[in-house]
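Report on one structure; see the data block that follows.
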Amino acid sequence: MPLWRRRFFVGVMMRCLRSFLFVLLFLGSWAFADDPQDLASLKHKALIVHFSGTSTLTDLEKIQELSGSLDSSQVLLSFDEEFLLYCNAIQNIYEDERAPLWNHVLFLLDKRDSIVDYRSKKKLVGADNYREERHFAINMNYGALRHNVAYLDIPHETKEFFGIFLERLVLNYGGEVSGEFHKSEVSWNSFKNRYPESRWINSLPPASKSIADKAEEQHVKVAPKILHFALLVGLDRLDNIGNFPEVADHGTGWSIELEIQFFTVVMQLVGYGGDSDNEARFRDVTVGYAFGLSLFESRYFTADALLGIFSSTYSFDFVDVGKQWSPAFKLQADLLLPVFSFLDLSLRVEYLIGYSSFKYEGKSYSGAGQKLAVSAGIQFGKTLRSE
Amino acid sequence: MKILKKYSLLLVCLLAMNLVGCTTMIQLMIDITNITSSERYVDDEPVAAWNAPSWPHLEGAVRLVYAEPIFDNYDYFNEEWTGYKDNFTGWFKDKLKDGVRDASVSVRIEQVNDNLFEIKLRDSKLDGPKLRYPVLKSNVVTFSERVVICVAPIVAYTRNHEVGERKTSLYASYSIVDRSSNKLLAYGKVRSFGFDALRGFNMAQMMFEEIIKGTPLVKEKL
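Line by line, the protein sequences are chains E and U. The numbering of the first sequence is our numbering, which starts it at 29 and goes up by one. The numbering of the second sequence is our numbering, which starts it at 467 and goes up by one.
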């Protein structure tokens with residue numbers, strides 16, 4: 029190739045690469061940016077994504093600021109959300125910082141009926157979404173909270189009711205096994221027998237597994253990602269179908285994949301390879317680009333179908349017998365093991381089939397090359413899921 | 467057979483995808499990731515104790531005052547102790563009475579209202595563990611005994627496990643004070659076990675044994 033053509037080619041390639049990076053940057057900044065208009069998403073982010081043990085009090089202030097931006101017909105938190113949020117915050121901070129939070133929890137318990145009544149007339153931000161409550165319920169150390177409330181200078185009846193009330197909320201939002209419902213019901217009946225005149229006698233929400241089921245359904249079915257990147261390495265096997273010589277298969281080889289997914293569009297840069305251990309010393313090195321769509325996505329499982337062009341280089345005894353670009357079809361399934369909200373460990377099984385041909389010892393061979401690969405790696409990116 | 471061998475990769479692939487995608491596997495993963503805290507019922511304060519190096523000579527009786535226990539599983543309790551239906555407090559008092567008989571001196575027990583106790587944090591002059599412990603508020607003491615054991619709060623719980631096993635635990639904070647010199651003799655936090663009717667020991671008795679461990683209140687064995 030003449031030098032000027034080579035330079036032109038490299039120049040075009042570099043421009044393409046820069047454009048690709050620019051588009052990637054644009055998509056990334058757009059996907060990761062907050063939408064200031066979407067209060068439900070800001071609420072979710074404030075309650076779950078940003079909420080941490082190290083800065084609980086600061087985060088609570090942010091939530092209060094957020095509630096200041098609502099109009100008079102809206103309310104940011106339901107009673108249950110606020111109660112679970114503050115209980116969760118108590119267990120995340122040190123003993124000597126807990127007093128103001130305990131005061132707020134006891135205030136909520138004291139004014140429960142009027143708060144519920146007032147908020148029921150307002151429009152709740154993110155109503156019909158139980159992911160926040162579920163998150164708090166699952167992470168609630170209610171045994172320790174029940175113990176800690178016993179040290180407060182409040183009536184014994186309040187301490188007992190707090191324990192029963194918190195346990196009921198945790199159960200209703202999916203924080204415990206269903207068998208505990210019966211225990212909760214008996215404890216509540218016992219409380220009513222011992223405190224027949226209690227002011228809270230009508231204040232306990234009924235035991236119901238339906239909300240817990242709905243919360244779990246929302247949690248699992250929520251769209252998993254806006255944008256993600258994945259890097260996986262693993263093992264593959266090649267099996268050629270057609271009139272290929274038997275020596276043109278290799279045993280366990282390697283695979284590496286770099287993947288970008290934007291909503292349901294998947295783009296991949298992949299490589300496979302392997303050596304046979306027979307006397308022909310067959311070697312396969314395949315690299316390719318693939319584009320496709322995600323067929324199914326949930327929190328723990330995804331399945332994608334892709335079409336691509338692959339360059340396979342085959343050699344026997346270190347002599348190349350053919351290099352060609354050919355189309356291929358690929359199916360892949362991922363099992364995701366969440367580590368953080370933005371990071372998953374990924375276990376992948378994939379099947380690829382494509383056209384393949386070469387000349388060996390004066391004879392032409394062609395047919396379908398199929399690969400099965402198992403790989404593991406990480407996926408990280410912008411998430412839409414609850415924790 | 468040859469065809470089977472030819473398409474073995476495809477079959478293995480389909481089988482693997484089916485396994486990965488089946489509901490059981492997904493549910494299993496959900497359950498694994500949902501186990502966020504296996505220590506759900508463990509309190510965040512350690513169980514520890516401090517005893518004064520020297521004690522006054524114990525004469526006459528000792529008073530034990532305690533707050534009403536907080537208990538969370540009347541389902542199990544009513545099934546196990548049918549004679550005490552919904553009366554965990556009464557059961558606790560009876561079992562504690564049995565337990566204090568083994569002390570070196572006579573112990574008079576009394577359940578008092580929660581608001582008679584004041585919760586203090588460890589005196590920084592002492593070399594004991596950093597724990598909260600109860601003392602009686604100064605204006606409420608009406609009894610004559612010189613040494614007073616305060617136990618508050620007492621939190622007992624029983625957890626039902628899916629396999630049918632039920633584990634019972636009790637946590638209690640305590641202090642022992644010499645009222646004549648207003649000197650702290652001991653303080654700490656104890657944990658005890660045992661709830662079912664068939665076994666010979668119970669959490670109330672064990673709680674008392676743990677509180678007096680290492681003090682002159684333990685009866686010397688011959």
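Backbone N, C-alpha and C fix where the C-beta goes; we use that ideal spot for every residue, glycine too.
Does any heavy atom of the ligand ADP sit closer than 8 Å to the C-beta of residue i?
i	result
E:Phe319	What this structure holds is no ligand at all, so the ligand ADP is not there to describe.
Which of the three DSSP states, helix, strand or coil, is assigned to residue i?
i	result
U:Tyr550	helix
U:Val513	coil
E:Arg162	helix
E:Ser238	helix
U:Ser647	coil
U:Leu592	coil
E:Arg227	coil
U:Gln493	With a pLDDT of 42 at U:Gln493, under the threshold of 50, the modelled position of this residue cannot be trusted, and the question is left open.
E:Ile118	helix
E:Phe291	coil
U:Glu505	Per-residue confidence for U:Glu505 stands at a pLDDT of 37, beneath the threshold of 50, marking its modelled position as unreliable; the derived number appears in the next sentence. Coil at U:Glu505, not helix or strand.
U:Ala518	coil
E:Asn268	strand
E:Val198	helix
U:Asn500	Residue confidence is low: U:Asn500 scores 41 on pLDDT, short of 50, so the model does not pin down where it sits. Its coordinate-derived value is still stated next. Note: U:Asn500 maps to helix in three-state DSSP.
U:Cys488	Reliability fails at U:Cys488, whose pLDDT of 44 lies under 50, so the model's placement of it is uncertain and the value that follows must be treated cautiously. The answer is coil: DSSP assigns U:Cys488 none of H, G, I, E or B.
E:Asp372	strand
E:Thr23	What is shown of chain E runs 29 to 415, which leaves residue 23 of chain E out entirely.
U:Asp568	coil
E:Ile406	strand
U:Val613	strand
Using a threshold of 9 Å, state whether the C-beta atoms of residue i and residue j are closer than that.
i	j	result
E:His168	E:Val133	Note that residue 168 of chain E corresponds to Met in the displayed sequence, not to His. No, these two residues do not count as a Cβ contact at 9 Å.
U:Ala652	U:Ser641	yes
U:Val578	U:Ala533	yes
E:Ala243	E:Arg162	yes
U:Ile615	U:Ile677	yes
E:Leu334	E:Leu359	yes
E:Ala235	E:Glu204	no
E:Arg309	E:Phe346	yes
U:Val617	U:Val531	yes
E:Glu188	E:Glu208	no
E:Tyr201	E:Phe257	no
U:Ala670	U:Leu636	yes
E:Glu125	E:Leu85	yes
E:Leu137	E:Ile192	no
U:Tyr599	E:Ser215	no
E:His278	E:Arg159	no
E:Ser343	E:Leu375	no
E:Gln398	E:Asp305	no
U:Lys679	U:Asp568	no
At 7 Å on the CB atoms, spell out the chain U contacts of residue i, in chain order.
i	result
E:Asp181	Asn581
E:Lys187	Ile536
E:Gly336	By Cβ distance, chain U contributes nothing, its closest Cβ being about 17 Å from E:Gly336, past 7 Å.
In chain U, what lies closer than 9 Å to residue i by C-beta?
i	result
E:Arg222	Asp552, Asn553, Thr555
E:Ala117	Correct list: empty, because the minimum Cβ distance to chain U is about 14 Å.
Below 8 Å on the Cβ atoms is my contact criterion, and I expect residue i with residue j to pass it. Report the Cβ-Cβ distance as a whole number of Å.
i	j	result
E:Gly409	E:Leu255	5 Å
E:Gly316	E:Ser339	6 Å
U:Leu582	U:Lys603	6 Å
U:Pro535	U:Phe558	5 Å
U:Gly654	U:Ala514	6 Å
Among the candidates the options, whose CA atom is the shortest distance from the CA of residue i?
i	options	result
E:Ile118	E:Lys71, E:Arg196, E:Leu129, E:Arg309	E:Leu129
E:Gly302	E:Leu371, E:Tyr342, E:Asp312	E:Asp312
U:Tyr542	U:Pro535, U:Pro519, U:Lys551	U:Lys551
U:Phe609	U:Leu597, U:Arg657, U:Ser646	U:Ser646
E:Val377	E:Phe329, E:Gln352, E:Ser354, E:Lys387	E:Phe329
U:Lys649	U:Val601, U:Glu675, U:Lys561	U:Val601
E:Tyr388	E:Glu307, E:Ala276, E:Gly336	E:Ala276
E:Leu297	E:Pro366, E:Ile337, E:Tyr170	E:Ile337
Which residues in chain E have a C-beta closer than 7 Å to the C-beta of residue i? List them in chain order.
i	result
U:Pro619	Ala178, Tyr179
U:Phe517	Reading the sequence as shown, one finds Asn at residue 517 of chain U and not Phe. Near U:Asn517 there are no residues of chain E at all, since even the closest Cβ is about 22 Å away, more than 7 Å.
U:Arg598	Tyr179
Below 8 Å on C-beta distance, what does residue i contact in chain U?
i	result
E:His184	Ala533, Glu534, Ile536, Asn579, Asp580
E:Gly316	None at all; the shortest Cβ gap to chain U is about 18 Å.
Please compile the residues from chain E whose C-beta is within a distance smaller than 9 Å of the C-beta of residue i.
i	result
U:Ile585	Tyr179, Leu180, Asp181
U:Asp541	His210, Lys211, Ser212, Glu213, Val214, Ser215, Ser218
U:Asn544	Val214, Ser218
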